[in-house]
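What follows is one structure encoded as structure tokens, with my remarks underneath.
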Amino acid sequence: MFRKAESFCPSFLQKSQQLQRQRKQLLGLIPISSPDSLKTVLQTLSGKWGDVVEDLECLQVKPMKGAMTNEVFMVTWPIKDNSFLHRKLLVRVYGRGVGDLLFNRKDEIRTFEVVSRYGHGPKLLGRFAGGRIEEFINARTLSAADLRETEVSARVAAKLREFHGINIPGDRNVLIWDRMRNWLRQAKSLCTPEDLAEFGLDKIEAEIYLLEHELQDKCKQQEIGFCHNDLQYGNIMIDEDTNAITIIVSFPLPLRLTYHHTWTNMRFSKTGLRVR
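Residue numbers (my numbering): 7 to 282.
Put into structure tokens, the structure is as follows:
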């Protein structure tokens, strides 16, 4: 039986809620702790493109769906000398609280830039305190139903094969085991003894050890490769005119090198994805 999410590690959730209350509203919609930083980047970009945007309050902002841990907004303004055409870009405000504990933001940005150079995902246009600005892609986010379509799944698999071939600079080390142990330490430090017992956190260390050694023993031909690690449908977009697939790096995890063993036995149901 699962407990309600709000009762899990209350001290951690209270801290996250406090951070959310400290954020201000920019352009009427975008919650951000450092609005001046975003304003500066937007003005710099508009000037670079020859579009003089003096009053940022005139920009149009539209919240976008699909992101789970970040808040995403489409920002538009008229192109200079042609008010019928609009410049579009995407503002991504990083999620507060959970993300700050799970990953290194510098690693994520570095990976995002490398992935973009290889032609995957949108281009990075700018950074500000608490988020980044990306190229706007005219495509829609996939749904769980889309992934059950054979043609769509085949296109995603082909794009993922390209993604796995990206050569990320740096050491080619397996990160998954240290990452899980680090998350476990953080979870233990934030939870009460009652939480530890109810969620069985004291047993997870042994399970990580068992899984690590089982895979090492049974997968003799291990290949270290570049993996996405969060390829849920909200991070996949499709252009409905060309059917081109775009994989989005949006979950706050550095996409680093990890084990790439074999296919997981997955089944799709009406309620979503099942993994066995």
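For glycine and all other residues, C-beta sits at the position ideal for the given N, C-alpha and C. Model, not experiment: these values are computed from the prediction.
Starting from residue i, trace the alpha helix (DSSP H) in both directions and tell me its first and last residue.
i	result
K129	Looking at the DSSP string, K129 is not in any alpha helix (DSSP H), and its letter there is neither H nor E.
E141	E141 -> not in any alpha helix (DSSP H); beta strand (DSSP E) instead, spanning G137 to E141.
V162	T156 to H170
F242	Just to set this straight, residue 242 is Ile in the shown sequence, not Phe. From DSSP, I242 is part of no alpha helix (DSSP H) but of the beta strand (DSSP E) over I242 to I244.
N188	I182 to L196
K209	L207 to K224
D152	A150 to L153
A203	P199 to E204
Tell me the residue span of the beta strand (DSSP E) that contains residue i.
i	result
K86	Premise fails: K86 is in no beta strand (DSSP E) and is neither H nor E.
Q66	Q66 to M70
M174	Correcting the residue identity first, residue 174 is Ile in this sequence and not Met. No beta strand (DSSP E) holds I174; DSSP gives it neither H nor E.
I254	No beta strand (DSSP E) contains I254, which DSSP labels as neither H nor E.
G231	I230 to F232
Report all residues from its chain with a CB closer than 8 Å to the CB of residue i; omit the five preceding and five following residues, and keep chain order.
i	result
R187	E211 and I214
L207	L190, A193, K194, C197 and D201
Q222	Q228
T46	F134
E246	A145 and R146
Could you round the C-beta distance between residue i and residue j to whole angstroms and report it? I think they count as a contact, below 8 Å.
i	j	result
L65	T82	7 Å
L128	I115	Residue 128 is actually Pro in this sequence, not Leu. The pair is not a contact, with the Cβ atoms about 13 Å apart (cut-off 8 Å).
W183	E218	5 Å
I174	V120	6 Å
Which term fits residue i, buried or exposed, when burial requires 16 or more other beta carbons within 10 angstroms of its beta carbon?
i	result
P69	exposed
E157	exposed
Q26	At Q26, the pLDDT of 43 sits below 50, so the modelled position is not reliable; the number obtained from the coordinates is stated separately. Exposed, since its Cβ has fewer than 16 Cβ neighbours within 10 Å.
R53	In the sequence as displayed, the identity of residue 53 is Gly instead of Arg. Classification for G53: exposed.
G176	exposed
H92	exposed
E77	buried
G136	buried
T117	buried
A145	buried
L216	exposed
F79	buried
R262	Since pLDDT at R262 reaches only 45, below the 50 mark, its modelled position is unreliable, and the value read off the structure follows with that caveat. Burial call: buried.
Leaving out the 5 sequence neighbours to the left and right, which residues in its chain are closer than 6 Å to residue i when beta-carbon positions are compared?
i	result
F138	It is Arg, not Phe, that sits at residue 138 in the sequence shown. Closer than 6 Å at the Cβ level, and outside the excluded window around R138, lie R98.
L48	none
L190	I210
S122	K129 and L130
L166	none
G56	K86
V59	S52 and W83
Among the residues of its own chain, which have a CB less than 7 Å from the CB of residue i, if the five just before and after it don't count?
i	result
Y149	Sequence check: residue 149 is Ser here, not Tyr. Correct list, in chain order: Y239.
L131	L51, L95, I139, E140 and E141
Y124	I172
K71	T147
Y100	N76, G136, G137 and P258
Are the C-beta of residue i and some C-beta of chain B separated by less than 8 Å?
i	result
R161	No chain B is present in this structure, which holds just one protein chain.
Does the stretch 224-238 come close enough to the stretch 166-177 that 3 or more CB-CB pairs lie under 8 Å?
-> Output reads yes: the stretch 224-238 touches the stretch 166-177.
Q.
Using 8 Å as the cut-off, can you tell me whether the stretch 145-164 makes contact with the stretch 232-251, which would need three or more C-beta pairs spanning the two stretches below that distance?
A. Yes: the two stretches touch, three or more of their Cβ pairs being nearer than 8 Å.
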